[in-house]
Structure formats: C-alpha cells, structure tokens
Amino acid sequence: MTSIPLSSGNCSWTIWFNNGKPYNASSGDFEDTAEIIANNPEAMCKTPIAMEVQTINYQNGDWNYEWQAVRTTDNISLVSFYAVEPAGVDFRVRYCCPGHVLTSTMHVMTTDSSTFQSSSTYGVQEISSSTNDTIGNFRAIEARENAWPWIAYLHKSKVDLNETCFAGCSAIIIDKDHLITSAHCVKSMDPTNISLIAGLHRLSSRSEEDRRQLRSIKQIFLHPQYNSLTNVNDVAVLRLQTSFALTKYVQSICFSDGTNQLNEKVIAVGWSRQQLDGVRYKALKQIYATVVHDCKSHWSSYDHNLQLCISNPINSSSICQNFDHGVIFTRHDGRYTFEGVSSYAGSCDSIGKTYESLVFTRISAFKTWIHQIVQQ
102 MTSIPLSSGN CSWTIWFNNG KPYNASSGDF EDTAEIIANN PEAMCKTPIA MEVQTINYQN
162 GDWNYEWQAV RTTDNISLVS FYAVEPAGVD FRVRYCCPGH VLTSTMHVMT TDSSTFQSSS
222 TYGVQEISSS TNDTIGNFRA IEARENAWPW IAYLHKSKVD LNETCFAGCS AIIIDKDHLI
282 TSAHCVKSMD PTNISLIAGL HRLSSRSEED RRQLRSIKQI FLHPQYNSLT NVNDVAVLRL
342 QTSFALTKYV QSICFSDGTN QLNEKVIAVG WSRQQLDGVR YKALKQIYAT VVHDCKSHWS
402 SYDHNLQLCI SNPINSSSIC QNFDHGVIFT RHDGRYTFEG VSSYAGSCDS IGKTYESLVF
462 TRISAFKTWI HQIVQQ
C-alpha cells in the first residue's frame, strides 16, 4: 500500500473506492478522484487530507505509478492515481477527511483541468421528463422537449442549424468537449464529415434555433479492440472542435457504476425507427425497458461483462429497431447515469416486434479507456 499526503491535519478515512478497472492484462488501472467525487457525493469530503492506494489482485514486484494532481477553483488539489506497472492489476483508493465531515457539494473535473463545474449539474434535468412512466406499451412515446439535455444527434454530413437532419446515431455528452457513441456509427468516417447537434428535439423544426448547438468533430477514437463482425467493444469517443456551452438544454451526464440488476428499469432514448428499415421518427423518442440476463440464448457472441441486454418489461419481447441507434440510462437518487450505447438487434416482424433482446455496449466497462482519452 502507498499513500500521499494532500495537506497536514487529523482526519478519518472514507470507505474504499474502486471505480477504475484495468481493461485487460496489459493495461493499467486508473482511479479518477474527480469521478469518485461525482459518483459518491455523500461518501466523500470536499478537502481530503491524504489518499491511500491498495492492490485488489496483488502481484509480486514493485509498482510504477503516477499521481495526477489538479487544482480546483477552491484551491484544493484533487489527486488521481494511475498504475503504469504492473499491468492488469486492479487498485482501490480511499481518502482521509478532516473530522470525516462529508458534503454533497463537490466540484467535478472537466477535460480542461483548470475549469470545474458543480457535480450537481451532472445527470440532472432542469426540464422534467414525461410523467407517464407506464411500461405496458413497448412502442416508443415522444419525449418531453429538451428533457434529456445530454443526448446529441450525430449527423454524417455538415449541416446548418436550420437544415433538416437525416438518419443518424445518437451520442451522449460526458463533458463540454467529449461525447460517447457506438463505434459502428463512426467507423471509417472522416471527422470533418460529421456534425453534432445538441439541444435538439425535432429533426426538421426551425423553432429550436436558440436551444441548439452545432459542433464539428475534431477527433474520433474507436476502441482499439472493436470488432465489426461481432460488435464487441462497440464504443467510440468523439472530441469536439469547439466546446459546448452547458445550458439547461445542453448538459453532461454521470457514468454508471455498472451494477445493473436483473429487471432493473432503464430508459432508452433516440431518434428511432418504428421497425426495421422503417421511417425514422422526426422527434426524440423514449421508452422504458428492463435489463435481462439471458442474452446468450439469443446471441452466442454476447459478453455480459462488456454488454447489456434490454427488452420489453411486460412480455420480455425486444424493443426491436425502435432504438437501433439510441442510448440508455437509469436514475439513482435523483440523478441520471449513463449505461450504454446501442450495438445490435434482431430483425422485426410486421408490427416491429421480436423476442431477441436489444444489445447495448456496457459503458461502465470502458470507463478507464474513456478517461485516458479525455485527459489526453
């Protein structure tokens, strides 16, 4: 075990946190203090005095690690831990808080290490979603306008804000400079030929101009082990040319901790199709579905550690092509967390129904890789 003092004084230790995981046997572990604060506001203090790191799956030999310190607007140094060697070893961290005084008002790091925003804005709606939570109808309903401010429309050609959009994928805003989408949406794409529109609800509307933000893509980061045949590791990070201005209509979302339970309710959102090769909806749609664990019976290549399955909660049928390019998230303690991006689905019958569950990439499995890119 190793430790680093952040300042002097008496303190009490928090619980152990283990947010990051090495992706494979040749990668290192990254424990991001800013992410830990954002995801555990009631279990962390605003001014930690010290930090300790401990191996989970211990291997003999010396460690080669880095402390990554960032100073906040409150003149507090947030120190994160990155294990360079040995590869494949999982670490956990804890913090010593003065008098163990905890607060729910934290500050969260954005990609610009000199800029912070309150964690209270991550995954929080300023415009409430539809109050109709009924899940008896597997067909999508129109979302309340701008209720999901962290979703953006990915368009595979440059457009004007007034121009009608065409069929494209959804992306999730994780900070003002980065979004997550499915790798299959952007594979082999030139970033200069892609535009993103945030604050969008209706594809062809001209009445939303004051809410929309159009941005160009600077870089596309496909997961290095993405397999287009099996759709394993179907995830990509998009870096913007110009940052989003975060508003009530354009906002970022928290990462999930990945502890999805059987039959847990999730919300799928996207500019979806009613059925395979059907006409795409003109407005953002949402649907309630549940997590299922029997996907291996439908999809032989399904990997529970890297993917999520969802289906209609009433009769276990699929939500089919309703959200073939959508995203899913859940709500915990009044805050929404990002769970997955769509990867693949089965074909639909004449009424847009199939009993093959829809497969999403499990974003929590890729947090370490995503954060390494964001901090480049």
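Residue numbers (the working numbering): 102 to 477.
Cβ atoms here follow ideal geometry from the backbone N, Cα and C, with glycine treated the same way.
N-terminal and C-terminal residue of the alpha helix (DSSP H) that residue i is part of
i	result
residue 318	Taken as a continuous stretch (DSSP letters only), residue 318 belongs to no alpha helix (DSSP H), being part of the beta strand (DSSP E) at 314-323.
residue 286	284-287
residue 473	468-475
Cβ-Cβ separation, residue j to residue i (assumed contact under 8 Å), whole Å
i	j	result
residue 435	residue 462	Actually they do not touch by this definition, with Cβ atoms about 26 Å apart.
residue 460	residue 408	5 Å
residue 252	residue 275	Incorrect: roughly 12 Å between the Cβ atoms, too far for contact.
residue 254	residue 372	6 Å
residue 132	residue 225	24 Å between Cβ atoms; not a contact.
residue 444	residue 335	4 Å
residue 343	residue 316	6 Å
residue 385	residue 367	About 16 Å separates the two Cβ atoms, so there is no contact after all.
Cα-Cα separation, residue i to residue j
i	j	result
residue 116	residue 190	20 Å
residue 271	residue 111	48 Å
residue 196	residue 304	47 Å
residue 313	residue 404	37 Å
residue 429	residue 346	23 Å
residue 153	residue 279	30 Å
residue 536	residue 356	In the structure as shown, the chain starts at 102 and stops at 477, and residue 536 therefore has no counterpart that could be examined.
residue 247	residue 188	43 Å
residue 426	residue 145	36 Å
residue 134	residue 300	29 Å
residue 354	residue 192	25 Å
residue 470	residue 322	10 Å
residue 402	residue 327	13 Å
residue 156	residue 433	29 Å
residue 118	residue 284	29 Å
residue 352	residue 151	32 Å
residue 203	residue 138	Here the model assigns residue 203 a pLDDT of 40, short of 50, so the residue's position is not dependable, and the following value carries that caveat. Distance between the alpha carbons of residue 203 and residue 138 is about 11 Å.
residue 473	residue 122	12 Å
residue 128	residue 309	44 Å
Buried versus exposed, by CB contacts within 10 Å (16 or more), residue i
i	result
residue 126	exposed
residue 330	exposed
residue 397	exposed
residue 320	exposed
residue 349	exposed
residue 149	buried
residue 394	exposed
residue 438	buried
residue 302	buried
residue 325	exposed
residue 412	buried
residue 477	exposed
residue 465	buried
residue 311	exposed
residue 242	exposed
residue 406	exposed
residue 298	buried
residue 295	buried
Terminal residues of the beta strand (DSSP E) in which residue i lies
i	result
residue 348	Run containing residue 348: none; DSSP gives neither H nor E here.
residue 445	436-445
residue 342	Careful: residue 342 lies outside any beta strand (DSSP E) and carries neither H nor E.
residue 430	428-433
residue 253	252-256
residue 193	192-198
residue 462	459-463
residue 410	408-412
residue 387	386-393
residue 156	151-156
residue 330	Here residue 330 belongs to no beta strand (DSSP E), and DSSP marks it neither H nor E.
residue 298	296-299
residue 369	366-371
residue 271	270-276
Neighbour flag for residue i against chain B, beta carbons, 8 Å
i	result
residue 225	Included in the structure is just one protein chain, with no chain B present.
Does the region 386-396 come close enough to the region 276-293 that 3 or more CB-CB pairs lie under 8 Å? no
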